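**Q**
There are 2 protein chains.
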Amino acid sequence: MHKELLENIGEKELIQRLARFMPKNQVSDDCAFVKTKNKNLLINTDSLVENIHFNDDTISALDIGWKAVACNVSDLISSGCSNIIGVNIGLVVPSKTDWIWIKDLYTGINLALDHFGGLILGGDCSVGKEKVISITALGTQGDIKLRRNSCKPKEIILTTGIHGLSKLGLMIKSKTFFDSDISLTQSLIDSSLQKFCKPKLNPKFLKKLLKARPNKNVKTIGCTDSSDGLFQALLDLATESNCKAIIDYKKVPKHTNWPKGHRWDEYYYFGGEDYELVFSLPRKWANNLLCADNTITEIGYFIEGKASVEFKNCDNKNLIKSKSFSHF
Amino acid sequence: MHKELLENIGEKELIQRLARFMPKNQVSDDCAFVKTKNKNLLINTDSLVENIHFNDDTISALDIGWKAVACNVSDLISSGCSNIIGVNIGLVVPSKTDWIWIKDLYTGINLALDHFGGLILGGDCSVGKEKVISITALGTQGDIKLRRNSCKPKEIILTTGIHGLSKLGLMIKSKTFFDSDISLTQSLIDSSLQKFCKPKLNPKFLKKLLKARPNKNVKTIGCTDSSDGLFQALLDLATESNCKAIIDYKKVPKHTNWPKGHRWDEYYYFGGEDYELVFSLPRKWANNLLCADNTITEIGYFIEGKASVEFKNCDNKNLIKSKSFSHF
Chain A
155 MHKELLENIG EKELIQRLAR FMPKNQVSDD CAFVKTKNKN LLINTDSLVE NIHFNDDTIS
215 ALDIGWKAVA CNVSDLISSG CSNIIGVNIG LVVPSKTDWI WIKDLYTGIN LALDHFGGLI
275 LGGDCSVGKE KVISITALGT QGDIKLRRNS CKPKEIILTT GIHGLSKLGL MIKSKTFFDS
335 DISLTQSLID SSLQKFCKPK LNPKFLKKLL KARPNKNVKT IGCTDSSDGL FQALLDLATE
395 SNCKAIIDYK KVPKHTNWPK GHRWDEYYYF GGEDYELVFS LPRKWANNLL CADNTITEIG
455 YFIEGKASVE FKNCDNKNLI KSKSFSHF
Chain B
155 MHKELLENIG EKELIQRLAR FMPKNQVSDD CAFVKTKNKN LLINTDSLVE NIHFNDDTIS
215 ALDIGWKAVA CNVSDLISSG CSNIIGVNIG LVVPSKTDWI WIKDLYTGIN LALDHFGGLI
275 LGGDCSVGKE KVISITALGT QGDIKLRRNS CKPKEIILTT GIHGLSKLGL MIKSKTFFDS
335 DISLTQSLID SSLQKFCKPK LNPKFLKKLL KARPNKNVKT IGCTDSSDGL FQALLDLATE
395 SNCKAIIDYK KVPKHTNWPK GHRWDEYYYF GGEDYELVFS LPRKWANNLL CADNTITEIG
455 YFIEGKASVE FKNCDNKNLI KSKSFSHF
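So the protein lines, in turn, are chains A and B. If you count the first sequence from 1, you need to add 154 to reach this note's numbering. If you count the second sequence from 1, you need to add 154 to reach this note's numbering.
(1) Classify Phe187 (chain B) as helix, strand or coil using the three-state DSSP reduction.
(2) Any beta carbon of chain B sitting closer than 9 Å to that of Phe270 (chain A)?
(3) Hey, could you find the ends of the beta strand (DSSP E) Phe456 (chain A) is sitting in?
(4) If we require 3 or more residues per run, which beta strand (DSSP E) segments fall completely within the stretch 257-315 of chain A?
(5) Counting only C-beta atoms, is Gly276 (chain B) closer than 9 Å to chain A at any point?
(6) Within the continuous beta strand (DSSP E) that includes Cys468 (chain A), where are the two ends?
(7) To the nearest angstrom, report how far apart Asn205 (chain B) and Ala440 (chain A) are at their CA atoms.
(8) Strictly under 9 Å for the Cβ-Cβ distance: is Phe187 (chain B) near chain A by that measure?
(9) Can you check whether the CB of Val241 (chain A) is closer than 9 Å to the CB of Gly277 (chain A)?
(10) Below 8 Å on the Cβ atoms is my contact criterion, and I expect Leu275 (chain B) with Ala186 (chain B) to pass it. Report the Cβ-Cβ distance as a whole number of Å.
(11) Could you tell me whether the Cβ of Val223 (chain B) comes closer than 9 Å to any Cβ of chain A?
(12) Does the beta-carbon distance from Cys468 (chain B) to Tyr422 (chain B) come in below 9 Å?
(13) Residues of chain B with a CB under 9 Å from the CB of Gly244 (chain A): which are they?
(14) For the beta strand (DSSP E) that Cys377 (chain B) lies in, which residues bound it at each end?
(15) In chain A, which residues lie less than 7 Å from Asn194 (chain B) when you measure between Cβ atoms?
(16) For Gly282 (chain B), which residues in chain A fall below 7 Å Cβ to Cβ?
(17) Just to check my reading of the structure: Ala366 (chain A) and Asn442 (chain A) have Cβ atoms closer than 8 Å, yes? What is that Cβ distance to the nearest angstrom?
(18) Shorter than 9 Å from the beta carbon of Gly323 (chain B) to some beta carbon of chain A?
(19) Do you know offhand how far Lys191 (chain B)'s Cα is from Lys191 (chain A)'s?
(20) Using only CA atoms, which one of A:Pro436, A:Ile256, A:Ala387 and A:Ser228 lies nearest to Gly271 (chain A)?
(21) Report the CB separation of Gly426 (chain B) from Asp382 (chain B) in whole angstroms; it is logged as a contact under 8 Å.
(22) Just mark Val181 (chain B) as buried or exposed, buried being the case when its beta carbon has 16 or more other beta carbons within 10 Å.
(23) With 9 Å as the C-beta to C-beta threshold (strictly closer), list the residues of the stretch 428-455 of chain B near chain A in chain order.
(24) Of all the CB atoms in chain A, is at least one closer than 9 Å to the CB of Gly296 (chain B)?
(25) Under 9 Å between the Cβ atoms of Ile239 (chain A) and Leu292 (chain A)?
(26) Is the Cβ of Thr378 (chain A) closer than 9 Å to any Cβ of chain B?
(27) With respect to the alpha helix (DSSP H) encompassing Cys225 (chain A), which residues constitute its N-terminal and C-terminal limits?
(28) Please check if any C-beta of chain B sits within less than 9 Å of the C-beta of Cys235 (chain A).
(29) Need the endpoints of the beta strand (DSSP E) that Gly240 (chain B) sits in, please.
(30) How about the stretch 300-308 of chain B and the stretch 446-457 of chain B: do they share at least three Cβ pairs that are nearer than 8 Å?
(31) Count the other CB atoms within 10 Å of the CB of Glu158 (chain A); is the residue buried (16 or more) or exposed (fewer)?
(32) Along the chain, where does the alpha helix (DSSP H) containing Lys398 (chain B) start, and where does it finish?
(33) What does Leu230 (chain A) reach in chain B if we use C-beta pairs closer than 9 Å?
(34) What are the boundary residues of the beta strand (DSSP E) that Ile197 (chain B) is part of?
(35) Shorter than 9 Å from the beta carbon of Lys157 (chain B) to some beta carbon of chain A?
(36) Can you give the Cα-Cα distance for Lys166 (chain A) and Ile263 (chain B), rounded to whole angstroms?
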């Protein structure tokens with residue numbers, strides 16, 4: 155197919171083309187303008203870097219666009235956002251990039267915004283050696299603040315959905331899945347690819363949480379998302395709230411066809427990019443929510459003690475000794 | 155000096171260190187939280203890429219931090235921002251980066267925020283092949299909207315400060331200044347280095363503009379900044395407002411010791427990164443402002459006609475035939 159490289163399009167033409175993806179057409183002005191109605195805002199920045207967070211062999215530009223929005227929106231949702239306002243996009247691409255890649259990226263960004271809410275507010279595009287998509291998302295703070303530091307001893311630990319699927323999706327896409335003893339079911343493959351390429355998040359979580367709340371005086375609960383994996387989410391909650399998480403290994407929900415074995419625990423707990431919510435609630439609130447939504451599962455509880463994550467009913471020693479993962 | 159590479163520090167420790175630069179300590183939570191009081195917001199993203207916008211040979215990490223804030227704040231000011239709320243930082247750095255570089259960068263960012271107003275709200279840090287600093291700045295829209303598309307025929311074109319200095323500063327720093335016939339005065343060298351390393355912007359512009367306004371019904375004026383050079387700023391105003399700029403070459407203010415010659419016109423009009431304001435006003439308003447502030451100069455006027463920039467009293471043919479510049 156005929157390639158149309160950015161270096162042959164020129165900056166002026168590129169800016170005009172990008173402007174077509176922006177309902178507010180900020181690109182033709184210095185700033186984006188946002189109306190707010192006496193609401194408090196949540197703001198989040200997450201960057202995706204080529205060959206670190208994605209590469210063109212394993213994921214399409216359209217799916218990268220979706221995920222670049224999703225990882226930011228997930229942070230807004232996990233802070234109690236009631237309404238996504240929009241995103242600013244800081245894009246860096248090599249001058250040899252084909253225009254179709256940019257077009258697909260922006261199409262994916264707009265598909266995600268159609269799904270989650272919000273508009274492209276503005277941004278800029280620079281030339282660089284490797285692709286970087288740095289997105290800043292803006293949303294409105296809803297009626298409950300969800301914060302990492304607000305878990306309390308005796309509260310029940312819950313999670314939405316199931317983990318590990320995105321990691322498996324990545325392995326399938328990048329052909330690094332090498333466990334020849336295991337044959338994956340089509341259902342597991344489909345769910346994993348879906349989760350890896352177009353994570354759907356939990357945009358209605360705050361509404362459900364508000365509906366299940368037995369005491370309207372409680373305005374803050376402990377919550378984060380599992381963008382860095384379920385284990386890291388639990389450790390972050392424990393660390394920031396300064397209490398100990400006790401996780402019942404047998405209660406942690408897995409895909410029906412998820413294979414058994416220690417390596418599969420590693421994928422499950424440390425895979426990351428699942429964007430499920432991990433949070434804690436007083437018993438009564440937890441029960442109300444569990445009755446109302448069967449995609450939410452109770453997996454443990456917090457106690458007083460050293461900030462840490464402890465497993466019970468678990469014979470996987472690697473998991474028990476786990477520490478957090480570093481990208482550097 | 156002993157180097158402390160990021161790959162030896164680890165992500166957890168890095169996040170803790172970065173958190174010390176953030177008054178709101180957002181880094182320990184998923185999102186930054188911003189209180190707003192029924193105000194409309196301005197939001198802007200600008201990215202600086204290593205070897206495109208800066209390199210470690212010509213500018214210190216501290217000055218890069220200052221400039222990364224300044225280029226964003228300049229866009230807010232040129233849209234009529236009355237108050238800077240803060241910035242989110244999307245940082246990408248190689249794992250071999252020395253911690254001291256990051257520390258200096260964040261120190262520079264905070265120095266700039268101390269000067270212009272605002273706080274570090276949050277952000278993230280990722281590993282990548284080359285350094286990218288993508289900043290999203292948030293501010294409050296003031297009582298006049300300054301927009302590129304709001305210039306009108308018969309309005310006077312004005313500019314704050316003088317141009318070309320940042321480009322000369324870059325040439326001095328990168329030792330690419332090669333005009334051996336010219337000896338630069340110390341005053342010009344000092345001003346150029348100051349402008350290149352720590353541009354001061356015009357944070358009080360909106361207040362002065364409001365004070366000089368003869369008719370309170372006018373709520374929008376045409377304005378942009380000269381981040382891509384004075385010529386590009388004029389062309390952007392002409393294009394977005396669909397009228398023709400007539401610039402009186404002899405009225406355009408230059409540094410007292412700015413050398414003569416066609417090449418020096420090129421540095422002056424196309425150098426960029428001066429972050430001065432370029433705007434248009436009705437005659438009476440312009441006169442009031444010119445009386446009140448002698449750093450502001452009248453340089454021309456708009457007329458009906460094809461969106462373009464035309465020079466009078468000018469014998470530099472290159473300048474007259476100029477078009478805009480492309481980074482790609």
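Ideal Cβ positions, reconstructed from N, Cα and C, are used throughout, including at glycine. Treat the numbers as computed from the prediction; the structure is a model and nothing was measured.
**A** Here's the rundown:
(1) strand
(2) no
(3) Its beta strand (DSSP E) spans residues Ile450 to Ile457.
(4) Correct list: 273-281, 286-295, 299-301 and 310-314.
(5) yes
(6) No beta strand (DSSP E) holds Cys468 (chain A); DSSP gives it neither H nor E.
(7) 53 Å
(8) Yes, Phe187 (chain B) counts as interfacial toward chain A.
(9) yes
(10) 4 Å between Cβ atoms; contact.
(11) no
(12) no
(13) Thr199, Asp200, Ser201, Gly244, Val286, Ser288, Ile289 and Thr290
(14) Thr374 to Asp379
(15) The contact set of Asn194 (chain B) on chain A, defined by CB atoms closer than 7 Å, consists of Phe187, Val188, Lys189 and Thr190 in chain order.
(16) Val203, Ile206, Glu284 and Val286
(17) 4 Å
(18) no
(19) Cα to Cα, the separation comes out at about 8 Å.
(20) A:Ser228
(21) 5 Å
(22) Residue placement at Val181 (chain B) is poorly supported in this model, since its pLDDT is 45, which falls under 50; the coordinates are not used for a value here.
(23) none
(24) no
(25) yes
(26) Chain B, which has a Cβ nearer than 9 Å to the Cβ of Thr378 (chain A), makes this yes.
(27) The continuous alpha helix (DSSP H) containing Cys225 (chain A) extends over residues Ala215 to Ile231.
(28) yes
(29) Cys235 to Val247
(30) For the pair of segments examined, the stretch 300-308 of chain B was found to touch the stretch 446-457 of chain B: the number of CB pairs separated by less than 8 Å reaches three.
(31) exposed
(32) Per DSSP, Lys398 (chain B) belongs to no alpha helix (DSSP H); it is in the beta strand (DSSP E), Lys398 to Asp402.
(33) Asp184 and Cys185
(34) Leu195 to Val203
(35) no
(36) 30 Å
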